[in-house]
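Novice: What follows is a structure written as structure tokens; I'll ask about it next.
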Amino acid sequence: MNDFILLKMRWIGYTTQHIHHLLNVFPKFFNVNEHDQFEMINEWESLYLKKKRFTQLTEISYDYIQTQLSRYQVNYVTSFSSQYPSLLKTIYDYPFILFYRGNIHLLSSTYTLGVVGSREATNYSKCALDYLFPHFINIPLTIVSGLAKGADSIAHQFALKHHLPTIAVLGFGHLNHYPKETRKLRNIIEETGLVISEYPPLTKINKYQFPERNRLISGLSRGVLITEAKIKSGSQITIDCALDQNRNVYVLPGSMFNPLTKGNLLRAQEGAMIVSEAEDILYDYRFLND
Numbered sequence: 015m016n017d018f019i020l021l022k023m024r025w026i027g028y029t030t031q032h033i034h035h036l037l038n039v040f041p042k043f044f045n046v047n048e049h050d051q052f053e054m055i056n057e058w059e060s061l062y063l064k065k066k067r068f069t070q071l072t073e074i075s076y077d078y079i080q081t082q083l084s085r086y087q088v089n090y091v092t093s094f095s096s097q098y099p100s101l102l103k104t105i106y107d108y109p110f111i112l113f114y115r116g117n118i119h120l121l122s123s124t125y126t127l128g129v130v131g132s133r134e135a136t137n138y139s140k141c142a143l144d145y146l147f148p149h150f151i152n153i154p155l156t157i158v159s160g161l162a163k164g165a166d167s168i169a170h171q172f173a174l175k176h177h178l179p180t181i182a183v184l185g186f187g188h189l190n191h192y193p194k195e196t197r198k199l200r201n202i203i204e205e206t207g208l209v210i211s212e213y214p215p216l217t218k219i220n221k222y223q224f225p226e227r228n229r230l231i232s233g234l235s236r237g238v239l240i241t242e243a244k245i246k247s248g249s250q251i252t253i254d255c256a257l258d259q260n261r262n263v264y265v266l267p268g269s270m271f272n273p274l275t276k277g278n279l280l281r282a283q284e285g286a287m288i289v290s291e292a293e294d295i296l297y298d299y300r301f302l303n304d
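In my numbering, each number is its position in the sequence shown, counted from 1, plus 14.
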């Protein structure tokens, strides 16, 4: 029952933040029957929301949504499912639903590493990941990133090259894509890895959704590695999320003369672990002994 109400709420436009707020107002929302849930939603909406969706909520059917999902070839998992990643559920603003294409079992990966960096990432990022990733094969470490241009796509590409599982997190619905340069890569990941989004399939591309997406990259990961990042960049947002979520933060060594690694140096000064060998991460993940 809770799966159904969550799916319907997200489908018609209630956000993750809306549902968390609803739970703050009605902590027992998930412990009551559907009739009482609808009454709670109606009362909550009338008190707190300008845009009213309740009538639409009562009219839309679960069967209709399921038909649309089948048509779009998109599946979903809710936070009540055993397949929902336990690590992600530890963050305070976790999404109640993840829409996906691909291998859902990757959400159960025990060892996950987020990789982020500049959209202008250079050959340095490529060489570093090509050097590090072969050491992660025997674990195997699952690589999580955002399928953006630059460091994200490099991370996914080298994960595929070295046969590491990879999860791509979208900042929009599955029926859209951005940027166009990573469309073919996404198709491959949908076949061999996992592509997820907290947004329903038809959700358009909006700038504010990318920082929301970033918290999921770190939320799914035990640690997050910066390859190259300016001091002010989207990567820094992801690292802030990682720190808020009590995740480990790693950085590649940076040059004081390179603007693309000034963010690396800043994070190193703040206590991030500098990674010069794969063992630096493996020790932290407790795969090697001192």
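We treat Cβ as the ideally placed atom computed from N, Cα and C, and that holds for glycine. Note that the coordinates shown come from a computational prediction; the quantities given were computed from them, not determined experimentally.
#1: Let's test the definition: count the other Cβ atoms within 10 Å of the Cβ of Asp-304 and tell me whether it reaches 16, buried, or not, exposed.
#2: Would Val-183 and Arg-236 be called neighbours here (beta carbons separated by less than 9 angstroms)?
#3: Measuring only the C-alpha atoms, how far is Arg-133 from Phe-271?
#4: Under a three-way DSSP split, which group does Ser-122 fall into?
#5: Would you kindly work out how many angstroms separate the C-alpha atoms of Asn-89 and His-149, rounded to a whole number?
#6: With the cut-off set at 9 angstroms, would you say Ile-181 and Ser-167 are in Cβ contact?
#7: Can you name the residues that DSSP bridges to Phe-113?
#8: Go to Ala-292, then tell me how far its alpha helix (DSSP H) extends in each direction, as first and last residue.
#9: Could you tell me which uninterrupted beta strand (DSSP E) segments, each at least 3 residues in length, are contained entirely in the stretch 144-191, listed from first to last along the chain?
#10: I need the straight-line Cα distance from Phe-94 to Ile-111, nearest angstrom please.
#11: Determine the direct distance from the alpha carbon of Gly-116 to that of Ile-295, and round the result to whole angstroms.
#12: Figure out for me which residue from Val-238, Asn-201 and Asn-16 has the closest Cα to the Cα of Cys-255.
#13: Return the chain-ordered list of same chain residues with a C-beta closer than 7 angstroms to the C-beta of Asp-286, the five sequence neighbours on each side being excluded.
#14: Helix, strand or coil for Asn-228, going by three-state DSSP, please let me know.
#15: Drop a sphere of 10 angstroms on the beta-carbon of Arg-281, count the other beta-carbons inside from all chains shown, and report buried for 16 or more, exposed for fewer.
Specialist: The answer reads as follows:
#1: Here the question's residue 304 lines up with position 290 in the sequence shown. Below a pLDDT of 50, predicted positions are generally treated as unreliable, and Asp-304, at 43, falls in that range; the measurement from the model is reported next regardless. Looking at its Cβ environment, which holds fewer than 16 other Cβ atoms inside 10 Å, Asp-304 is exposed.
#2: Taking the sequence shown and counting its residues from 1, the one referred to as residue 183 is at position 169. Taking the sequence shown and counting its residues from 1, the one referred to as residue 236 is at position 222. Their beta carbons are not under 9 angstroms apart, which means Val-183 does not touch Arg-236 by this criterion.
#3: Stepping through the sequence shown from its first residue, residue 133 is reached at position 119. Stepping through the sequence shown from its first residue, residue 271 is reached at position 257. Roughly 19 angstroms separates the two Cα atoms.
#4: If you number the sequence shown from 1, residue 122 lands on position 108. Here Ser-122 sits in helix by DSSP.
#5: As a first step, residue 89 must be located in the sequence shown, where it is residue number 75. As a first step, residue 149 must be located in the sequence shown, where it is residue number 135. Near 33 angstroms, if we compare the C-alpha coordinates of His-149 and Asn-89.
#6: Residue mapping note: residue 181 aligns to position 167 of the sequence shown, counting from 1. Residue mapping note: residue 167 aligns to position 153 of the sequence shown, counting from 1. Going by C-beta atoms, Ile-181 is not nearer than 9 angstroms to Ser-167.
#7: For this step, residue 113 is matched to residue 99 along the sequence shown. Answer is Tyr-90 and Ser-211, bridged to Phe-113.
#8: Counting from 1 along the sequence shown, the entry for residue 292 is found at position 278. Note, Ala-292: alpha helix (DSSP H), 292-298.
#9: 156-159 and 180-183
#10: Numbered from its first residue, the sequence shown carries residue 94 at position 80. Numbered from its first residue, the sequence shown carries residue 111 at position 97. For Phe-94 and Ile-111, the distance between alpha carbons rounds to 9 angstroms.
#11: Position 281 of the sequence shown, counting from 1, holds the residue named residue 295. Position 102 of the sequence shown, counting from 1, holds the residue named residue 116. Approximately 27 angstroms between the Cα atoms of the pair.
#12: As a first step, residue 255 must be located in the sequence shown, where it is residue number 241. Considering only alpha carbons, the answer is Val-238.
#13: Here the question's residue 286 lines up with position 272 in the sequence shown. In the sequence as presented, Asp is not what sits at residue 286; that position holds Ala. Cβ neighbours of Ala-286 beyond the five flanking positions: Val-263, Tyr-264 and Val-265.
#14: If you number the sequence shown from 1, residue 228 lands on position 214. Here Asn-228 sits in helix by DSSP.
#15: As a first step, residue 281 is located in the sequence shown; it is residue number 267 there, counting from the start. Counting Cβ neighbours within 10 Å, Arg-281 comes out buried, since at least 16 surround it.
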